[in-house]
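Let me begin by presenting the structure, written as structure tokens, before commenting on it.
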Amino acid sequence: MALSPILVPLLLIPIFLGSVFAISPLKTDTLKPGQQLRDWEQLISAGEAFTLRFFTPRESSTFLLGSGAGLRYICIWSQSRPVWVGNPTEPVSDSSGSLSIDTNGALKITRANASPIMVSPHLSLAGNVSATLLDSGNFVIRDAGRGGGGGPGRILWQSFDHPTNILLPGMKIGFNLKTKKEISVTSWTSNQVPTPGAFRLGLDPSGANQLLVWRHGEIYWSSGILTNNGSSQLTLELSRRYIDYEFKFHSDKHTNYFSYSVKKTKGSVSSSWFLDTLGQITVTNSLRSNTCARGTSENNGPCRKDLKSSSAICIAEKPTACRKGSEYFEPRRGYMMDNAYYGDGLSSGISDCHGSCWRNCSCIAFQSLPRGRCHYWGKGSTFVPYDNFNVDLVLIVYVLDSEK
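Position 80, counted from 1, in the sequence shown is what full-length UniProt numbering calls 80; the numbers after and before it change by one each time, with no gaps.
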């Protein structure tokens, strides 16, 4: 009988690392044709609120066994985290990547021994183009030749129209009725894999002034009707202690969209709504004045707040013949022994592994592996507590428990 030693940490905190090289700013917020943003360089917005750079996502205290450690993505960076990723499905395998914009207005990443990665498409009627990182966190391509009067020029493309897992003030989510395109926020597959995951945050297509989170196309959570006083399930009371929000719902014959803004306060404010891999929305605010800095964070979603284990994984599942709702999975330190098996095909991350184990009455533990694999343990498996592991060799496992 072979032992399968699996270390189970109580917490897994994402740390987003930049480059193995020292980051070097280009002393500008704009990229022009003929220029390159190399792997170790970065653009900085005028007010230094955001940077554009390459990064490698990794887990703290985690050894990424075959997970593609070192993969490089171009991102917009703020508050020690990426808020937008330009190539989530096609990373650069090494540090050879460089971002450039051509005279047709196309952003692309060139790399060694491989074809370029297109970040934005070729744009028709482009002329004197440039790409600028704004203090809003928006990365825009403009045609300066069309600005008139020396203005900045018409926006031809913007990152705000292609969000990943974070909603920023001024970013719009909703529908373009002319192109039939929907703009929404999508969770990552895992904290180290920014490919689209199981959850999506968007505007209610029925026309109601509310936000929905879908899990693989099924409604998972609703904000309730949103108003500027914030009276809905999207609880913002903690953040309102320092910051006021303004919600905007816009509808005309061309577009329906939602956006939010932060009302002016004394000091500078940064805000973001982060859709995590568990389908939870984390509303984060940071207020900095001349005398102090404050930060608040509030989680919103269908997760139960009354579970006896504060470390329990928080994903809402429908009751089944064998799961009545009092059960939950929580991380533990120790070994899982016997009756291990792997899931068929690829998953969209931890929520898919959780859902499959939940629906299988014989499943009592699972592990979400990098790059979309699930590892399960069935009834008859034995959990052996053990704390003396090297935390650098950790992959997380969740074990079934019950409130009863």
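Glycine included, every Cβ here is placed at the ideal spot set by N, Cα and C.
_Output needed for L65: all residues of its chain with C-beta closer than 6 Å, excluding positions within five of it in sequence on either side, in chain order._
Because L65 sits at a pLDDT of 35, beneath the cut-off of 50, its placement in the model cannot be relied upon, and the following sentence gives the value as read from the coordinates. Once the five neighbours on either side are set aside, L65 has no close Cβ partner at all.
*If I'm right that G203 touches Y257 with Cβ under 8 Å, what's the distance once you round it to whole angstroms?*
It should be noted that the sequence gives Leu, not Gly, for residue 203. L203 to Y257, Cβ: 7 Å. Contact.
*What does a CB cutoff of less than 7 Å around E330 pick up in its chain, not counting 5 residues either side in sequence?*
S309, S311, A312, I313, Y398, V399 and D401
*Can you tell me the Cα-Cα spacing of K178 and T28, whole angstroms?*
36 Å
*Measure from the alpha carbon of K172 to the alpha carbon of each residue in E317, S272 and R323, then state which is nearest.*
S272
*Should A365 and S381 be called a contact, given that it needs their Cβ atoms to be closer than 8 Å?*
yes
*Going by other Cβ atoms of all chains shown within 10 Å of its Cβ, with 16 needed for buried, is D392 buried or exposed?*
Here the model assigns D392 a pLDDT of 42, short of 50, so the residue's position is not dependable, and the following value carries that caveat. It counts as exposed.
*To the nearest angstrom, how far is it from the Cα of L133 to the Cα of L43?*
7 Å
*Using three-state DSSP, classify W84 as helix, strand or coil.*
strand
*asked:* Quick check on the burial criterion: 16 or more other C-beta atoms within 10 angstroms. Buried or exposed for residue 406?
replied: The structure shown does not extend to residue 406, since the chain spans only 1 to 404, so no value can be given for it.
*Helix, strand or coil for A112 per DSSP?*
coil
*Residues of its chain near W157, where Cβ-Cβ distance is below 6 Å and the 5 sequence neighbours each way are ignored*: S120 and I141
*Which class does G355 belong to by DSSP, given the choice of helix, strand or coil?*
helix
*Could you tell me which residues DSSP pairs with R332 in its beta bridges?*
Answer by DSSP bridge pairing: none, since R332 is not bridged.
*May I have the straight-line CA-CA distance separating L201 from A321, to the nearest angstrom?*
30 Å
_As a quick exercise: from C353, F249, G47 and L275, pick the residue whose alpha carbon is nearest that of R373._
C353
*Report the rounded CA-to-CA distance for M337 versus V384, giving the unit in angstroms.*
8 Å
*Who does Y220 pair with in a DSSP beta bridge?*
BP columns for Y220 are empty, so no partner.
*Could you tell me whether the Cβ atoms of L99 and L31 are closer together than 8 Å?*
yes
_L226, enclosing beta strand (DSSP E) - first and last residue_ = First-last for L226: undefined, no H or E at that position.
*Along the beta strand (DSSP E) that carries S251, what are the first and last residues, could you check?*
Y245 to S251
_Within 10 Å of its beta-carbon, does I166 have 16 or more other beta-carbons around it, so buried, or fewer, so exposed?_
buried
*Endpoints, beta strand (DSSP E) assigned at W188*: V185 to S190
*With S98 as the anchor, note down where its beta strand (DSSP E) starts and where it stops.*
S98 to I101
*Assuming S270 contacts S78 (C-beta within less than 8 Å), just tell me the rounded distance between them.*
7 Å
*For F50, the three-state DSSP class (helix, strand or coil)*: coil
*Exposed or buried, K263, counting other C-beta atoms within 10 Å across all chains shown (16 or more means buried)?*
exposed
_Chain-order list of residues whose beta-carbon lies under 8 Å from that of P152 (same chain, five-residue window excluded)_ = T132, R142 and A144
*Count the other C-beta atoms from every protein chain shown that fall within 10 angstroms of the C-beta of I76, then say buried if there are 16 or more, exposed otherwise.*
buried
*For G334, collect the residues of the same chain with a Cβ closer than 7 Å to its Cβ; drop the 5 residues on either side in sequence, then sort them by chain order.*
V8, F383, V384, P385 and Y386
*Could you check the C-alpha separation between Y328 and G355 for me, to the nearest Å?*
11 Å
_Excluding the 5 residues flanking A46 on each side, which residues of the same chain have their C-beta closer than 7 Å to its C-beta?_
D29 and D135
*Comparing alpha-carbon positions, which option in K379, G378, S348 and C363 lies nearest L369?*
S348
*Can you tell which of F55, Y341 and L226 has its C-alpha closest to the C-alpha of V40?*
It should be pointed out that residue 40 corresponds to Trp in this sequence rather than to Val. Out of F55, Y341 and L226, F55 has the C-alpha closest to the C-alpha of W40.
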